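Asker: Chains as they are written, first to last, in my numbering: chain U, 1 to 159; chain Z, 1001 to 1159.
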DNA sequence: AGTATTGAGGACTCTTTTATCCTAAACTAA
DNA sequence: TTAGTTTAGGATAAAAGAGTCCTCAATACT
């Protein structure tokens, strides 16, 4: 199992790319999808969720697209996760037990509760501006690798 | 998204119950499933994975069932997770980026890498005997709640 | 006004996960 | 040896997640 759903990961990557591209103009979802090597249709669906949650503003027609409703500096990673995957990851019992809590804890409750605080803090601390600048500093790719890219990557790895 | 798949959670619950019940005799999967309020067929499939990984010994026929291949004290939570969900959770990039690593990190890489160490340590530290004794101490339920139980639970909550 | 562009949103398909059911094989006990 | 019990394992079904496609509404530009 991955920590986050694919939709959520795509949403995060798109948001980071948007933060890199600048916050002034509307960016077309099609362009974002192309840069990330994702299906534009699928990404549209995902970003719609962010728009509905009020994280993004959208605009139709030529010169349309999406942009942040607030400065990227103020948008925390957890907001994107909450909008797409929900907060279950940070709030639910690790063993999926209904009603697990301080009063009736599951055998893992205490340790896991401490851990979710850390996890949550991580996601509450990281904002899109910071993540975007990381990408610049490290010269990094957000792009989803195609099968061809993966072959290429593994070839270079061997050398 | 949950941290662990349902199969994995069921496997863990079953293992904890087995540790509570004692390690001497084979326990029938049907009995375990009944106590946990799970489908016996489904649980059988899951425990088969643990058997194939060598964590459990199984025995067919009357007086048959499953039991640990080693003392519960020596079986760590991470072994069950590894057998069912795999180690992706502890090893993969949080943004699902292929090839993310020290050399070419994703914007979250460093923070997330530190975090997975903690997460992994938690799962490597907890063993089934310890978890089982927690259940005894706290008077806890591992049982999956039925819809009826959930109604009951919420009713008591309101009071 | 007309046309091209872009997000919104519904319908649909494919895959994976979750769950059920059936038969076979191994085993116990009478 | 026969009957009953229990895991192994394949076939299948249901549900959720991932992804595609089509139409509509809003918009900009001519």
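Note that beta-carbon positions come from the ideal geometry of N, C-alpha and C, so glycine has one too. Because the structure is a prediction, the values reported are computed rather than measured.
Using a C-beta to C-beta distance shorter than 8 Å, which residues of chain Z count as neighbours of residue 111 of chain U?
Answerer: Residues of chain Z passing the Cβ test: 1122, 1126.
Asker: Can you check the stretch 1005-1085 of chain Z for any beta strand (DSSP E) of at least 3 residues that lies completely inside it and give the ranges in chain order?
Answerer: 1056-1059, 1065-1068
Asker: Buried or exposed: where does residue 135 of chain U fall if 16 or more other Cβ atoms within 10 Å of its Cβ makes it buried?
Answerer: buried
Asker: Going along the stretch 1087-1098 of chain Z in order, which residues come within less than 8 Å of chain U, judged by CB to CB distance?
Answerer: 1088, 1089, 1092, 1094, 1095, 1096, 1097, 1098
Asker: For residue 1109 of chain Z, count the other beta carbons within 10 Å of its own beta carbon; 16 or more makes it buried, fewer makes it exposed. Which is it?
Answerer: buried
Asker: Quick check: the Cα distance between residue 1119 of chain Z and residue 1025 of chain Z, rounded to an integer number of angstroms?
Answerer: 33 Å
Asker: In chain order, what residues of the same chain lie with their CB nearer than 7 Å to the CB of residue 38 of chain U, ignoring the 5 residues before and after it?
Answerer: 10, 144
Asker: Taking only the alpha-carbon atoms, compute the straight-line gap between residue 16 of chain U and residue 1102 of chain Z and give it to the nearest angstrom.
Answerer: Going from the Cα of residue 16 of chain U to the Cα of residue 1102 of chain Z covers about 20 Å.
Asker: Would you say residue 2 of chain U reaches chain Z, if we count a Cβ-Cβ gap shorter than 9 Å as a contact?
Answerer: yes
Asker: For chain U, is any of its Cβ atoms less than 9 Å away from the one on residue 1134 of chain Z?
Answerer: Judged by the 9 Å Cβ criterion, residue 1134 of chain Z is in contact with chain U.
Asker: Counting only C-beta atoms, is residue 1006 of chain Z closer than 9 Å to chain U at any point?
Answerer: Residue 1006 of chain Z counts as touching chain U.
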